[in-house]
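Trainee: Supplied in structure tokens, the structure appears directly below.
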Amino acid sequence: MNFPAIAKQTYEKLRSQPAFSDITHFIIEHLKKISSPLERARFVHHVVDEYNKEVFAHPLVQKFLPCKVGCSGCCHTQVGITDDEAELLAERINDGLKIDLNLLKTQLAVGNNPEDFYKLSQENRRCIFLGSDESCQVYNDRPSVCRTNAVLGEASQCSPHVGEGEPQTMRLLKTERADMAIMGSFFTARESGTIANMVSRFISMNNEPAPAKKTGTRKKSIFKDLVL
Ligand code: SF4
């Protein structure tokens with residue numbers, strides 16, 4: 223199982239505290255009751271967004287958060303997703319969203335290994351869902367990890383545009399409760415891995431007609447009234 227590094231660090235630090243470990247258990251138990259992979263992914267995204275709302279609403283965060291449309295430093299890092307999230311993203315492609323298949327294949331070649339990923343050039347590390355205007359083409363369905371990737375400080379500090387390798391100066395917001403929820407989703411996942419590795423399992427790689435959908439039509443979230 224490939225866990226997202228930041229969420230895993232948070233989990234290791236806070237797992238002994240019931241106020242946090244209960245979040246992970248809540249997610250695990252709730253996901254067991256949902257049969258649709260797409261709804262499972264949307265449920266986790268909803269919970270992560272709810273926990274992040276409190277963090278993002280803080281006046282200091284509002285003042286110093288530089289993240290905005292077109293600022294895509296985070297989208298050149300290795301993002302881990304679950305198989306549920308992969309199916310959600312693959313549905314967008316199978317519905318007609320165009321992605322760069324050559325870029326996908328380049329990223330597939332390095333597997334889930336972060337060291338090999340960060341040896342790729344800046345251009346080859348860009349997320350397959352990052353549009354030519356540097357905005358996310360799947361924003362509403364973006365993975366949980368992307369929802370917690372928000373930084374404080376100057377945007378230039380987290381941009382890996384200069385040189386190679388993983389950005390070291392990124393100062394991520396503390397999204398601990400969201401991280402604990404993310405870990406619950408990864409514990410429950412059948413598989414997890416990088417966006418390229420996971421999404422490629424659910425799409426045609428040869429510009430052939432998309433495989434038959436396994437799930438129903440897209441629905442509005444049914445979790446908006448969930449009390450956390
Ligand atoms: S899914 Fe969207 S937000 Fe996440 S890395 Fe890709 S482009 Fe960025």
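Mapped onto the numbering used here, the consecutive letters of the sequence shown carry residue numbers 223 to 450. Every residue, glycine too, gets a C-beta built ideally from N, C-alpha and C.
1. Along the chain, which unbroken stretches of the beta strand (DSSP E) at least 3 residues long are found entirely within the region 292 to 377?
2. Going by C-alpha to C-alpha distance, which of A400, S414, M427 sits closest to D244?
3. From D322 to A241, what distance separates their C-alpha atoms?
4. For N274, count neighbouring Cβ atoms within 10 angstroms of its own Cβ and tell me buried if that reaches 16, exposed if not.
5. Tell me the DSSP bridge mates of G415?
6. Roughly how many angstroms separate the alpha carbons of L287 and A372, rounded to a whole number?
7. Using CA coordinates, which residue listed in A279, P281, V367, L310 is at the minimum distance from A227?
8. What alpha helix (DSSP H) runs, 4 residues minimum, are completely inside the region 236 to 293?
9. Below 7 Å CB to CB, which residues in the same chain sit around H271 once its five sequence neighbours on both sides are set aside?
Mentor: Looking at the atomic coordinates:
1. 302 to 304
2. A400
3. Each residue's alpha carbon lies about 43 Å from the other.
4. buried
5. I303
6. The alpha-carbon atoms of L287 and A372 are separated by roughly 7 Å.
7. With distances taken between Cα atoms, A227 lies closest to V367.
8. 240 to 254, 259 to 278, 281 to 286, all fully within the region 236 to 293.
9. As written in the sequence, residue 271 is Asp, which differs from the His given in the question. Here the set comprises R369.
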